[in-house]
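Chemist: Structure provided below as structure tokens; questions to follow.
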Amino acid sequence: MARRPLAPVRNAASIRRTAGRKTPRSITLIVCEGETERAYFQAVRVHYGLSNAEVVVAEGNDSAPISVVEYAQSRCAERGGYDKVFCVFDRDGHESFQRACDRVRSLATRARSPLPIDTAVSIPCFELWLLLHFEPTDAPFDRCDDVVKRLRQWVPNYVKGDAAILHPCLERLRTALSNADWLAQRAVANNSNPYTSMQRVLRHFAAVANEAHHHELG
Numbered sequence: 009m010a011r012r013p014l015a016p017v018r019n020a021a022s023i024r025r026t027a028g029r030k031t032p033r034s035i036t037l038i039v040c041e042g043e044t045e046r047a048y049f050q051a052v053r054v055h056y057g058l059s060n061a062e063v064v065v066a067e068g069n070d071s072a073p074i075s076v077v078e079y080a081q082s083r084c085a086e087r088g089g090y091d092k093v094f095c096v097f098d099r100d101g102h103e104s105f106q107r108a109c110d111r112v113r114s115l116a117t118r119a120r121s122p123l124p125i126d127t128a129v130s131i132p133c134f135e136l137w138l139l140l141h142f143e144p145t146d147a148p149f150d151r152c153d154d155v156v157k158r159l160r161q162w163v164p165n166y167v168k169g170d171a172a173i174l175h176p177c178l179e180r181l182r183t184a185l186s187n188a189d190w191l192a193q194r195a196v197a198n199n200s201n202p203y204t205s206m207q208r209v210l211r212h213f214a215a216v217a218n219e220a221h222h223h224e225l226g
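Its first residue numbered 9, the sequence shown is counted upward by one per residue in the working numbering.
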């Protein structure tokens, strides 16, 4: 499938307001390790009315977290660029999980040309984030299958990658954010199992949508 041309790299100077000119909208890249995550964030992107957000699945031979980060880094290095990049991946038994988190931190804080990159992770898997749309839970999970089983108590027909199954979640975004914040406060007590930082992406979307709205009113 042909890809759309990437947007030009933009820095703080390029997005600064100029008299008589329309302020450019934020360009966001979300790199996922699977189709379920891609379908979810595509739906959320539409929900917030963001046309300048691109959601892609990392290209490569596997869906390891480090592959997601490396692909995101390569996209930033091309002629195109983004104002914000999120690497979305799970721990779910991946040996490169911590290495991927460390790589993102290094890219974001390096002295020369730091990247506007961040992680949005789930432990043990992305389905935990979906589950938080319906209930708060800090019970540890050994496998992703256990999370899926619990999620199906709320969404009986849940199947990975099925965008239609994700629609009930869009009606409960505030609940998910509240439950994720509650869970984050318990990260030390429960040894970060379960844990998620997916709320970073939603709050970014909300902030960009709010900024665009205020600019239109202004």
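All C-beta atoms, glycine included, are put in the ideal place defined by N, C-alpha and C.
Here the structure is a predicted model, which is why all the values come from computation and not from measurement.
Can you list the alpha helix (DSSP H) stretches of 4 or more residues lying completely in the region 126-186, in chain order?
Modeler: Runs found: 134-139, 152-159 and 175-178.
Chemist: Check whether the Cβ atoms of P176 and V163 sit closer than 8 Å, and answer yes or no.
Modeler: Yes, Cβ-Cβ distance for P176 and V163 is below 8 Å.
Chemist: Is P202 closer than 8 Å to P148 when the C-beta atoms are compared?
Modeler: Yes; because the gap between Cβ atoms is below 8 Å, this pair is in contact.
Chemist: Provide the residue(s) that pair with F94 in DSSP beta bridges, ordered along the chain.
Modeler: Note: F94 sits in a beta bridge opposite I38 and D126.
Chemist: Consult DSSP for V196 and reduce its assignment to one of helix, strand or coil.
Modeler: V196: coil per DSSP, three-state reduction.
Chemist: Span of the beta strand (DSSP E) holding A61?
Modeler: Its beta strand (DSSP E) spans residues A61 to V65.
Chemist: Is there contact here, the region 201-215 with the region 53-62, by at least three beta-carbon pairs under 8 Å?
Modeler: Contact between the region 201-215 and the region 53-62 is present, because at least three Cβ pairs lie under 8 Å.
Chemist: Residues in its own chain within less than 7 Å of G169 by CB, not counting five upstream and five downstream?
Modeler: The residues are E43, T44 and A47.
Chemist: What number of angstroms, rounded off, separates the C-alpha of V112 from the C-alpha of R120?
Modeler: The alpha-carbon atoms of V112 and R120 are separated by roughly 14 Å.
Chemist: According to DSSP, which residues form a beta bridge with T204?
Modeler: According to DSSP, T204 bridges with S130.
Chemist: Grab me the residues of A20's own chain with a C-beta within less than 8 Å of its C-beta, minus the 5 sequence neighbours each way, in chain order.
Modeler: Per-residue confidence for A20 stands at a pLDDT of 37, beneath the threshold of 50, marking its modelled position as unreliable; no derived number is given.
Chemist: Go ahead and pull the three-state DSSP assignment for E45.
Modeler: In the structure shown, E45 sits in a helix (DSSP, three-state: H, G or I).
Chemist: Below 8 Å, how does it come out for the region 88-102 and the region 116-131: are there three or more Cβ pairs, yes or no?
Modeler: With the cut-off at 8 Å, the region 88-102 and the region 116-131 touch.
Chemist: Could you check whether V52 and L191 sit closer than 8 Å to each other, using their CB atoms as the reference points?
Modeler: Taking 8 Å as the Cβ cut-off, L191 and V52 do not qualify as a contacting pair.
Chemist: Enumerate in chain order the residues of its own chain whose CB-to-CB distance from A61 is below 6 Å, with the five nearest sequence positions on each side excluded.
Modeler: Result list for A61: T36 and R53, in chain order.
Chemist: How many whole angstroms separate the CB atoms of P124 and D91, which I take to be in contact at a CB cut-off of 8 Å?
Modeler: That belief holds up - the Cβ atoms of P124 and D91 are roughly 6 Å apart, short of 8 Å.
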